[in-house]
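Student: Can you read through this structure? Questions will come right after.
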Amino acid sequence: MLLSDYDYHLPKELIGQTPTMPRDHSRLLVVDKTKKEIEHKKFYNILDYLNEGDVLVRNSTKVIPARLIGKKESGAVMEVFLLKRLGLNKWECLVRRAKKLKLDQTIIFGDGQLNATLKEVKDDGNRILEFTFDGIFEEIIHELGQMPLPPYITEKLEDGDRYQTVYAEKGESVAAPTAGLHFTEELFEKIAQKGIEIVDVYLEVGLGTFRPVQTENVLEHKMHSETFEVPEKTAEVVNRAKAEGRRIVAVG
Numbered sequence: 069m070l071l072s073d074y075d076y077h078l079p080k081e082l083i084g085q086t087p088t089m090p091r092d093h094s095r096l097l098v099v100d101k102t103k104k105e106i107e108h109k110k111f112y113n114i115l116d117y118l119n120e121g122d123v124l125v126r127n128s129t130k131v132i133p134a135r136l137i138g139k140k141e142s143g144a145v146m147e148v149f150l151l152k153r154l155g156l157n158k159w160e161c162l163v164r165r166a167k168k169l170k171l172d173q174t175i176i177f178g179d180g181q182l183n184a185t186l187k188e189v190k191d192d193g194n195r196i197l198e199f200t201f202d203g204i205f206e207e208i209i210h211e212l213g214q215m216p217l218p219p220y221i222t223e224k225l226e227d228g229d230r231y232q233t234v235y236a237e238k239g240e241s242v243a244a245p246t247a248g249l250h251f252t253e254e255l256f257e258k259i260a261q262k263g264i265e266i267v268d269v270y271l272e273v274g275l276g277t278f279r280p281v282q283t284e285n286v287l288e289h290k291m292h293s294e295t296f297e298v299p300e301k302t303a304e305v306v307n308r309a310k311a312e313g314r315r316i317v318a319v320g
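Using the working numbering, the first residue of the sequence shown is number 69, and each one after it goes up by one.
Put into structure tokens, the structure is as follows:
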């Protein structure tokens, strides 16, 4: 399986830069494998392709504003991307222009309400930073941080909630489970009314979602690991549906 087998032309002007309102008015591409036909619909039409008895599984992870811009004591601007919490105050991070930051040097964010000191350089180039702060860490990064948009989105995101699903509940993902961004509360109500069960899992989406495949042989690409949780109720619903031969529909 070669990467070049998947090459195709994608004009930049066809990459949406601003979110559609309402959410479920985004475009939906439907592929009918049996008829070998492609249809162009609106996302709210997904209701037409879900059947009574189906189980809809969604990822209820929450995205954090993981991109932080700060300065060294020298005044040099540094960009930090939070990847994974390692402890109460320690995070594995991606640091832009990382070689300019030496061990035990500190980055200052905002007016000094958040500081990060380099404690370790990993073999893969990621950095371990120890944060010090006054207050609650989550509240501080929501004040100082930015949502980590994919590299193909160049327009500034005016409303951070638009990069969050309406059902986001908990977690520290650094990217959104993007297929879920198009659902609305009203659409979920209609799905439930049709007799479709809705259950949740929690998968913390990591940096790997942004990293391109760089090996020509796709099978040689090394996938990163991600933390997940499957609630007992979700496992029971899915297992029962599978035993009864009903469909499981996963929201990517």
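Each residue gets a CB set at the ideal place from its N, CA and C atoms; glycine is no exception.
Would you say PHE251 and THR233 are within 8 Å of each other, going by their C-beta atoms?
Tutor: The count along the sequence shown starts at 1 and reaches residue 251 at position 183. The count along the sequence shown starts at 1 and reaches residue 233 at position 165. Result yes, Cβ atoms of PHE251 and THR233 sit closer than 8 Å.
Student: List, from N- to C-terminal side, the alpha helix (DSSP H) runs of 4 residues or more that fit wholly inside the stretch 167-229.
Tutor: Qualifying alpha helix (DSSP H) stretches, in chain order: 205-212.
Student: Going by C-alpha to C-alpha distance, which of THR246, LYS109 and VAL281 sits closest to LYS290?
Tutor: In the sequence shown, the residue the question calls residue 290 occupies position 222. Cα-wise, what sits closest to LYS290 is VAL281.
Student: If we ignore side chains and look at the alpha-carbon of each, how far apart do ALA236 and PHE205 end up?
Tutor: As a first step, residue 236 must be located in the sequence shown, where it is residue number 168. As a first step, residue 205 must be located in the sequence shown, where it is residue number 137. Looking at the two C-alpha atoms, the distance is approximately 19 Å.
Student: In whole angstroms, give me the CA-to-CA distance for ILE266 and GLU253.
Tutor: As a position in the sequence shown, residue 266 is number 198, starting the count at 1. As a position in the sequence shown, residue 253 is number 185, starting the count at 1. The alpha-carbon atoms of ILE266 and GLU253 are separated by roughly 12 Å.
Student: Where VAL305 and LYS258 are concerned, what is the direct C-alpha to C-alpha distance, given to the nearest angstrom?
Tutor: The sequence position of residue 305 within the sequence shown is 237, counting from 1. The sequence position of residue 258 within the sequence shown is 190, counting from 1. Each residue's Cα considered, the two are about 20 Å apart.
Student: Where does SER72 fall in DSSP's three states?
Tutor: Working through the sequence shown from its first residue, we reach residue 72 at position 4. The answer is helix: DSSP assigns SER72 an H, G or I state.
Student: Can you have a look at THR222 and say buried or exposed, based on whether 16 or more other CB atoms are within 10 angstroms of its CB?
Tutor: Here residue 222 refers to the residue found at position 154 when the sequence shown is read from its first residue. Exposed is the call here.
Student: Using a 10 Å radius around the Cβ and a threshold of 16 neighbouring Cβ atoms, would you call PRO216 buried or exposed?
Tutor: On the sequence shown, residue 216 is found 148 positions in, with the first residue counted as 1. So PRO216 ends up on the buried side.
Student: I need the boundaries of the beta strand (DSSP E) containing ILE266, first residue and last residue.
Tutor: Start at 1 with the first residue of the sequence shown, and residue 266 comes out as number 198. Taken as a continuous stretch (DSSP letters only), the beta strand (DSSP E) holding ILE266 covers 265-271.
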